[in-house]
Amino acid sequence: MDRIIVSGATAVVVGEMHADITAGGARKTLASRFGALASGRGTQAAVRRAAQADPDGYAQSQLAELAPDPASLDTQGHCCCHPERRPLRH
């Protein structure tokens, strides 16, 4: 994952996939970009899992600037770790 962008209860995930595979007996190289759009509690849970799996990657993300602790995210688009509960929108 290169980036996670959250607005309200909707998230956009952007990244790249690179792999060497064998398909139908032939060696192939995959090099592609991907994107996904999701909303609600599933996204919240996925972001928390991704942050736990790659804390350094999360720390460098745009989302981490607003929510340094991914556990502080809620489905209302706010970051609970800030007293003013600043929205995650720019």
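First residue of the sequence shown: 79, per this note's numbering; consecutive thereafter. Beta carbons: idealized from backbone N, C-alpha and C, even for Gly. All values reported here derive from a predicted model rather than from experimental measurement.
Rounding to the nearest angstrom, what Cα-Cα distance links residue i and residue j in this structure?
{"i": "T140", "j": "V84", "result": "It is Gln, not Thr, that sits at residue 140 in the sequence shown. The alpha-carbon atoms of Q140 and V84 are separated by roughly 9 Å."}
{"i": "G103", "j": "A109", "result": "19 Å"}
{"i": "G118", "j": "V92", "result": "18 Å"}
{"i": "A116", "j": "T88", "result": "6 Å"}
{"i": "L151", "j": "Q138", "result": "16 Å"}
{"i": "T100", "j": "E94", "result": "19 Å"}
{"i": "K106", "j": "D98", "result": "6 Å"}
{"i": "E143", "j": "I82", "result": "12 Å"}
In terms of alpha-carbon separation, which member of the options lies closest to residue i?
{"i": "V90", "options": "A109, G135, A114", "result": "A114"}
{"i": "A129", "options": "R105, F112, A145, L108", "result": "A145"}
{"i": "D80", "options": "A101, G135, S110, R127", "result": "G135"}
{"i": "H96", "options": "D147, G118, F112", "result": "F112"}
Hey, residue i and residue j are a contact pair by Cβ (cut 8 Å); roughly how many whole angstroms apart?
{"i": "R126", "j": "A149", "result": "7 Å"}
Every unbroken beta strand (DSSP E) within the stretch 84-153, with a cutoff of 3 residues, ordered by chain: Listed in chain order, the complete beta strand (DSSP E) runs (minimum 3 residues) inside the stretch 84-153 are 88-101, 104-117.
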